[in-house]
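Visitor: Before I ask anything, let me first share the structure, which is written out below as structure tokens.
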Amino acid sequence: MSKLLHRSLKRFIIYSGLVLVCSIPVYYITISFLWQYEMDEHNIILTDEALREDRFLIVGAVTLLTVIFFALLMAGFILLNRKISHQLWQPFYKSLGQIRNFHIHHQRTLSFESSDIEEFSELNQSLAKLIAGNITAYDQQKEFADNASHELQTPLSIIQSKLDLLLQSKPLSDEQYHIIEDAHRALARVTRINKNLLLLTNIENSQFMDRETLDFSGLIENSISQFNNFITNKNLLLEDAIQPQVFIEGNKILIEILVNNLLTNAIRHTAENTSIKISLTPHLLSISNPGPVALRQEQIFRRFATASSLSPGTGLGLAIVKQISNRYGWNINYSFSDGLHTFQLLY
Amino acid sequence: MKILIIEDEVDLAQSIGSYLADEHYLCEYAVSFAAAMEKIDIYEYDCILLDLMLPGGDGFRILEELKTQGKRDGVIIISAKNSLEDKIKGLQTGADDYLTKPFHLSELAARIYSLIRRKQFENVNVIEQNELKINLLSKVVTVNEHPIPLTKKEFDLLLYFISNKNKVVSKSALAEHLSGEVADMFDNYDFIYVHVKNLKKKLSEGGCENYLKTLYGTGYKWEI
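Protein sequence lines, in the order shown, are assigned to chains X and P.
Going by the numbering used here, the first sequence opens with residue 99, and the numbers climb by one from there.
Going by the numbering used here, the second sequence opens with residue 75, and the numbers climb by one from there.
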């Protein structure tokens, strides 16, 4: 086990040492040879002139040699560095690749390769610990959501069944029937809020991760036909300009929820005998409905922001829409002009 | 008709039991995994209502056990879990139907009725009631041998009423039955009126006696 810096430094030091060791005999032999040559040439007698001449030669030779060794050293460093980086950082890139491909909902535990470099082995250990912690937290949250749904749905179903039974008992007065029906309505609302809260948790937990290419035009047409009962009941006019063959990528259930929530919103808050406009182009879905006053821009996508005794909704529909668009990196905008609420989804 | 209710919430199990306790159904109860295993080991049922989360074990294991024993009991899962995976897993493991809690007892009764009807198809593909005859295979309704043309929704409604005969069916239950998930986004069930009104009109014009009673604007009842 060694540190990353030490490892590369060690190699450089060893290499420089090797170059140094190699250079010593080369220097020695070259200078001796030059010296001998000079001796022979000048019959040992060294004149001042010769000395000066020799000095130039020696200095020149030494400089040349030094340059050669320097070049050798540089070339060696570059090659070594390249090789070391490639080799040394291999475990890092492997870990990086694993993290990049990791999705918490796939529940596939990561196994990092063991590395003999201290930093990487520490990094891998910390990553493994972090991911294991996250998986546990995710599992616990999922279990909590599951349990919460069970714990709440069960008493809700008991109430529902008791109300259904109560409805069967006789004799019941007109007033009693109405009390039961009101209780039914309130119960339906609680049930819906519970379902939607669970849905929000599930989206935040990054469930529904799978993506497929969907025929957005068909999906919207389908949703509209599902709402037909409610549209005709309110005597609304539906002006739709849906471009066919618009495709979108995402999870089918989530996209359906998004479209349904926007449609429900428009239908619910539109006065009778007016019209709703829906248009779809390859990058924009726009739904608008008439209304008297603008909604509070900064509030509408927040949970329970619109819930009041006046609106029968759960106050979660638009929060869910926002959450789903965030997940796919889409933009959902609200605007109000000329007595028309408009929601635009840019994808 | 024998029905086994596997549900650990005694209150809910009893409500289901008393709703279903008319001449057709005999209900038995199991409140734990072990009790349920014992019952399915010894007896045969026309329909089993199965809760997935049980004390002592997972409901899916009961399904698997039924499968390995080669039993042909019809199974309807009644569960608080509403994730798609659970629904798919349940239906793939051999359940016939999946109902998410909370549900209307009238919806459950309709599902049980249709399950049992499917299981014994040969005998009961025609429902007869006095002058009214419903062929479930061809989906043709006749009154005194004269056919009554009904839309799909009206046919659905008629079956729903008949599977809950002599019971008060609330408007919200009908709305959910007809529109599924979409209905519970709205609190306004007025569109039900139209369908029921049309059904009533068509039946009476065909010469059918008025079995369908309206109750104080709250619900409806098929009385015989």
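Using N, Cα and C, we set each Cβ at its ideal position, and we do this for glycine too.
What is the DSSP secondary structure of phenylalanine 131(X), reduced to helix, strand or coil?
Guide: Note: phenylalanine 131(X) maps to helix in three-state DSSP.
Visitor: Does the region 144 to 156 of chain P come into contact with the region 104 to 120 of chain P, if we say contact requires no fewer than three beta-carbon pairs (one atom in each stretch) closer than 8 Å?
Guide: Counting Cβ pairs under 8 Å, three or more are found: they touch.
Visitor: Under a CB-based cut-off of 8 Å, is leucine 158(P) close to chain X?
Guide: Yes, contact with chain X.
Visitor: Go ahead and label proline 223(P) buried or exposed: buried means 16 or more other beta carbons lie within 10 angstroms of its beta carbon, across all protein chains shown.
Guide: Per the 10 Å Cβ criterion, exposed.
Visitor: To the nearest angstrom, how far is the alpha carbon of glycine 389(X) from that of threonine 368(X)?
Guide: Glycine 389(X) and threonine 368(X): Cα-Cα distance of roughly 7 Å.
Visitor: Tell me, which residues are paired with asparagine 387(X) by DSSP?
Guide: DSSP lists His439(X) as partners of asparagine 387(X).
Visitor: Taking the C-alpha atoms as reference points, what is the distance between glutamate 217(X) and leucine 225(X)?
Guide: Using only the alpha carbons, I get a separation of about 12 Å.
Visitor: How about the region 375 to 383 of chain X and the region 339 to 356 of chain X: do they share at least three Cβ pairs that are nearer than 8 Å?
Guide: The region 375 to 383 of chain X is in contact with the region 339 to 356 of chain X.
Visitor: In the region 250 to 269 of chain X, which residues sit with their C-beta less than 7 Å from some C-beta in chain P, listed in chain order?
Guide: For the region 250 to 269 of chain X, which is checked against every Cβ of chain P, the residues closer than 7 Å are Gln251, Thr252, Leu254, Ser255, Ile256, Gln258, Ser259, Lys260, Asp262, Leu263, Leu265 and Gln266.
Visitor: Could you pull out every residue in the same chain whose Cβ sits closer than 7 Å to the Cβ of alanine 167(X), ignoring the five residues on either side in sequence?
Guide: A small correction: the amino acid at residue 167(X) is phenylalanine; alanine does not occupy that position in the sequence shown. Val117 and Ser121.
Visitor: Could you check the C-alpha separation between glutamate 279(P) and leucine 210(P) for me, to the nearest Å?
Guide: Cα to Cα, glutamate 279(P) sits roughly 22 Å from leucine 210(P).
Visitor: Am I right that phenylalanine 399(X) and lysine 420(X) are in contact with their C-beta atoms under 8 Å? What's the rounded C-beta distance?
Guide: So it is a contact: roughly 4 Å between Cβ atoms.
Visitor: Using a C-beta to C-beta distance shorter than 9 Å, which residues of chain P count as neighbours of threonine 299(X)?
Guide: By Cβ distance, chain P contributes nothing, its closest Cβ being about 12 Å from threonine 299(X), past 9 Å.
Visitor: Please report the straight-line C-alpha distance between phenylalanine 229(P) and glycine 415(X), rounded to a whole angstrom.
Guide: About 33 Å.
Visitor: Return the residues of the region 81 to 95 of chain P that lie within a Cβ-Cβ distance of less than 7 Å from chain X, sorted by chain order.
Guide: Those residues of the region 81 to 95 of chain P that come within reach of chain X (Cβ to Cβ, closer than 7 Å) are Glu83, Asp85, Leu86, Ser89, Ile90, Ser92 and Tyr93.
Visitor: Does the Cβ-Cβ distance between isoleucine 278(X) and glutamate 83(P) come in under 8 Å?
Guide: For isoleucine 278(X) and glutamate 83(P), no; Cβs fall outside 8 Å.
Visitor: Which one or two residues does DSSP pair with glycine 131(P) in a beta bridge?
Guide: Answer by DSSP bridge pairing, in chain order: Leu128(P).
Visitor: One question on the structure: do leucine 300(P) and cysteine 121(P) come within less than 8 Å of each other, judged by their Cβ atoms?
Guide: The question about residue 300(P) has no answer, for chain P in this structure spans 75 to 298.
Visitor: Apart from the five residues just before and just after serine 244(P), which ones in its own chain have a Cβ nearer than 6 Å to its Cβ?
Guide: Result list for serine 244(P): Gly293, in chain order.
Visitor: For aspartate 214(X), count neighbouring C-beta atoms within 10 Å of its own C-beta (all shown protein chains included) and say buried if the count is 16 or more, exposed if not.
Guide: Exposed, since its Cβ has fewer than 16 Cβ neighbours within 10 Å.
Visitor: As a quick exercise: from Asn431(X), Asn387(X), Ile291(X) and Ile111(X), pick the residue whose alpha carbon is nearest that of glutamine 395(X).
Guide: Among Asn431(X), Asn387(X), Ile291(X) and Ile111(X), the Cα nearest to that of glutamine 395(X) belongs to Asn431(X).
Visitor: Among Trp133(X), Lys181(X), Phe154(X) and Gly158(X), which residue has its Cα nearest to the Cα of phenylalanine 110(X)?
Guide: That would be Lys181(X), whose Cα lies nearest to the Cα of phenylalanine 110(X).
Visitor: With DSSP collapsed to three states, give me the class of cysteine 101(P).
Guide: Note: cysteine 101(P) maps to strand in three-state DSSP.
Visitor: Name the residues in the region 175 to 190 of chain P whose C-beta lies less than 8 Å from a C-beta of chain X; which are they?
Guide: The residues in question are Lys175, Pro176, Phe177, His178, Leu179 and Ser180.
Visitor: Rounded to whole angstroms, what is the Cα-Cα separation between valine 242(P) and arginine 135(P)?
Guide: Going from the Cα of valine 242(P) to the Cα of arginine 135(P) covers about 36 Å.
Visitor: Which value, in whole angstroms, describes the spacing of the CA atoms of leucine 86(P) and arginine 198(X)?
Guide: Computed Cα separation, rounded: 48 Å.
Visitor: Considering only the alpha carbon of each residue, which of Ala95(P), His98(P), Gly130(P) and Asp96(P) lies closest to alanine 104(P)?
Guide: Considering only alpha carbons, the answer is Gly130(P).
Visitor: Measuring alpha carbon to alpha carbon, tell me which residue in Asp132(P), Met75(P) and Ala109(P) is nearest leucine 94(P).
Guide: Nearest of Asp132(P), Met75(P) and Ala109(P) to leucine 94(P), Cα basis: Met75(P).
Visitor: Between leucine 221(X) and the rest of its own chain, which residues show a CB-CB distance below 7 Å, the 5 nearest in sequence each way excluded?
Guide: Cβ within range, chain order: Ser193.
Visitor: Does chain P have any CB closer than 8 Å to the CB of threonine 368(X)?
Guide: No, because no Cβ of chain P sits closer than 8 Å to the Cβ of threonine 368(X).
Visitor: Does the Cβ-Cβ distance between isoleucine 353(X) and leucine 317(X) come in under 8 Å?
Guide: Yes. Within cutoff.
Visitor: Strictly by DSSP, which residues pair up with asparagine 209(P)?
Guide: Bridge partners of asparagine 209(P): Val200(P) and Val214(P).
Visitor: What residue from His248(X), Glu370(X) and Ile351(X) has the CA that sits closest to isoleucine 418(X)'s CA?
Guide: If we check each option's Cα against that of isoleucine 418(X), Ile351(X) comes out closest.
Visitor: Can you pull the chain P neighbours of phenylalanine 325(X), defined as C-beta to C-beta under 7 Å?
Guide: Those are Val256, listed as they occur along chain P.
Visitor: According to a CB-to-CB cut-off of less than 8 Å, which residues of the region 224 to 236 of chain X neighbour chain P?
Guide: Listed by position, the residues of the region 224 to 236 of chain X near chain P (Cβ gap below 8 Å) amount to none.
Visitor: So with CB distances below 7 Å, who are the chain P contacts of phenylalanine 328(X)?
Guide: Chain P residues near phenylalanine 328(X): Phe260 and Phe265.
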